[in-house]
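Colleague: Here you go, one structure.
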Ligand code: ASP
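In the numbering used here, the protein residues as written are 290 to 884.
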């Protein structure tokens, strides 16, 4: 037996016990004839003492020890001398007087410190991920993720759900990204697609009569990388039969409310029940459909007030179908020109041409780029609409709605961070519902489903699909947490005729649709129950609960931001023979061709 106890286990009640511990040398201190080792394993840290007087041999052997060596010790648990207890360690009242030391494996000096949560270069951390994961913060993240997933599994199992695995080698399951393809050796020229989600399979499980399904499912999407994106990521995928939108939303809400209480009891919910916003309301108030409710700084539409105000920039934006909206940045009326310029530069990244402002410094004169164009009455109406008080700063963007929402929506988040308005201990869940069913795709000149192909429209809006699809709403819902969409789902179409109508609407030729989704269409003819589901993203949820800035911090072996695994060096070229067997010829883009 390597260990009688873990390194996190021994307490004052164990004093006098003879124990064996094994783990890594976390830290080492020499005090003349005494050497102290902090011995670490996954469960914690225990202080081990090698004394030259009582155990000369072990003391001598401890001389060789360096950071991260793997050792085993044997000794007696004893109370630490008064005054040298360490209250920040659960084992901090005791230490082990070692009389035996066995070196199990020496270690090279790690490329970064493991006993400190010091900033290290991310690519180095990813290259040596097995060392990075030894660090306390990463160990805690792994544990948190385990507890989240375990809670979900228990919760759903208790409510009659079955966990069912679905294939990874499958056919295209579109969720709006590119597919990862896998060539087939046995079927030359043919490819599997890795599922972008188990969407079709979970629906087929409903046709199969499973009624309540879930899976901690890996999804694969080939898209450009961003902070919270990975080529493969994990969803809690779930689906239920004989349900309406309300049923799924209530179950999900109860799951997350209880999960927070069980896993991160130190965090507070912003509101319970979770607030519900229509897509329209979310955009109007926050400029985005994944709003952070933890602070104010809401957008205010002033288009009607300034439509004929005499300030050409505003008038023009409105005349060409856009809008003018503003934010009252409370308490920032003293901002200098430079500070306001910085905000202007920020919104310009999102297409805004500028940022009009009115500053009301405390006890000073009003400063503004445009207010002089407005009559005193108009000024009064504008200030009233914006609920101005002394000390406030009003900022406005005038443009197409799209640009106004994007730039002010982002500015709102930027300001909240800058002004320290965000309480990290608060979890603001909310639902966004009543999304448009279809969105117009300018480039391709056709309608795109705003969620996915299988989402049902609101029953009362089905006639609109023939008249004005832009007005139809979908039976979908997004779950939002703080500043992130953490999951989306919908009630599905369970009727072949309606499904075919949707294919037609998005310009998917029926023959192509049948080739791609024939199995779904056929299944729908064999008695399909009404069904729906949702798929919260495990990575994002863990990232937020752990207070991390990106999902790589809560994934054991993530790809870097260029979608590479820098530890194993993947993707990488393969041998010619493998390609031959797969009947594949590689034609590199000219930029990568060797001359
Ligand atoms: N398959 C959807 C997604 O990955 C979720 C769902 O509709 O259940 O976003």
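Just so you know, even glycine gets a beta-carbon here, dropped at the ideal spot from N, CA and C. Just so you know, these numbers come straight off a predicted model, no measurement behind them.
1) Could you check the C-alpha separation between residue 678 and residue 496 for me, to the nearest Å?
2) Skipping 5 residues on each side, what residues in its chain have a beta carbon closer than 6 angstroms to that of residue 318?
3) Assuming the contact rule is C-beta atoms closer than 8 angstroms, residue 463 and residue 741 should be a hit. Round their C-beta distance to whole Å, please.
4) Mark residue 627 as exposed unless 16 or more other C-beta atoms lie within 10 angstroms of its C-beta, in which case mark it buried.
5) Hey, residue 323 and residue 387: beta-carbon distance below 8 angstroms or not?
6) For the beta strand (DSSP E) that contains residue 356, what are its first and last residues?
7) Between which residues of its own chain and residue 691 is the CB-CB distance below 6 angstroms, once the five residues before and five after are set aside?
8) Which runs of the alpha helix (DSSP H) spanning at least 4 residues fall entirely within the segment 574-659, listed in chain order?
9) I'd like to confirm something about residue 788: is its beta-carbon nearer than 7 angstroms to some heavy atom of ligand 1, or not?
10) Extract the residue ranges of the beta strand (DSSP E) inside the segment 760-809, only unbroken runs of 3 or more that lie entirely within it.
11) Say the cut is 7 angstroms; is the CB of residue 489 nearer than that to a heavy atom of ligand 3?
12) Residue 849 bridges to which residues according to DSSP?
13) Would you identify the three-state DSSP class for residue 673, choosing helix, strand or coil?
14) Would you mind listing the beta strand (DSSP E) stretches within the segment 471-558 that are 3+ residues and don't spill past its ends, in chain order?
15) Would you mind sorting residue 266 into buried or exposed? The rule is 16 or more other CB atoms within 10 Å of its CB.
16) Quick test of the definition: if touching needs 3 or more C-beta pairs under 8 angstroms, does the segment 431-442 touch the segment 704-712?
17) Quick check: the Cα distance between residue 440 and residue 344, rounded to an integer number of angstroms?
18) Tell me, which residues are paired with residue 727 by DSSP?
19) Between which two residues does the alpha helix (DSSP H) holding residue 820 run?
20) Between the C-alpha atoms of residue 473 and residue 480, what's the straight-line distance to the nearest angstrom?
21) Can you tell me whether residue 291 is buried or exposed? The criterion is at least 16 other CB atoms within 10 Å of its CB, across all chains shown.
22) Compute the minimum distance between the beta carbon of residue 512 and the heavy atoms of ligand 1, and state whether it is under 7 angstroms.
23) Identify whether residue 873 lies in helix, strand or coil by the three-state DSSP scheme.
24) Determine the DSSP secondary structure at residue 855, reduced to helix, strand or coil.
25) Straight-line CA distance for residue 588 to residue 541?
26) Would you list the one or two residues that DSSP bridges to residue 304?
27) Which residues does DSSP pair with residue 746 in a beta bridge?
28) Would you tell me roughly how many angstroms separate the C-alpha atoms of residue 736 and residue 755, rounded to the nearest one?
29) Smallest Cα separation from residue 504: which of 454, 553 and 538?
30) For residue 880, count the other beta carbons within 10 Å of its own beta carbon; 16 or more makes it buried, fewer makes it exposed. Which is it?
31) Are the segment 650-662 and the segment 591-603 touching by the rule of at least three beta carbon pairs closer than 8 angstroms?
32) Would you kindly report the start and end of the unbroken beta strand (DSSP E) that includes residue 413?
33) Between residue 836 and ligand 1, is there a pair consisting of the residue's CB and a ligand heavy atom that are separated by less than 7 angstroms?
34) Span of the alpha helix (DSSP H) holding residue 816?
35) Under 7 angstroms: does the beta carbon of residue 947 sit that close to some heavy atom of ligand 1?
36) Can you tell which of 820, 865, 872 and 849 has its C-alpha closest to the C-alpha of residue 415?
Modeller: So, from the listed chains and residues:
1) 59 angstroms
2) 325
3) 7 angstroms
4) exposed
5) no
6) Element bounds for residue 356: n/a, residue is neither H nor E.
7) none
8) 592-595, 601-608 and 626-637
9) no
10) 765-770 and 773-780
11) Among the ligands in the structure shown, ligand 3 does not appear; only ligand 1 can be found there.
12) DSSP output for residue 849 lists no bridge partner at all.
13) helix
14) 480-482, 501-509 and 521-530
15) Absent from the structure is residue 266, since the part of the chain shown begins at 290 and ends at 884.
16) no
17) 47 angstroms
18) 738
19) Segment 820-825 is the beta strand (DSSP E) holding residue 820; no alpha helix (DSSP H) there.
20) 6 angstroms
21) exposed
22) no
23) coil
24) coil
25) 29 angstroms
26) Paired residues: none, contrary to the question.
27) 763
28) 13 angstroms
29) 454
30) exposed
31) yes
32) That residue, residue 413, is in no beta strand (DSSP E); its alpha helix (DSSP H) goes 411-416.
33) no
34) That residue, residue 816, is in no alpha helix (DSSP H); it is neither H nor E in DSSP.
35) Here the chain has residues from 290 to 884 only, and residue 947 is not among them.
36) 849
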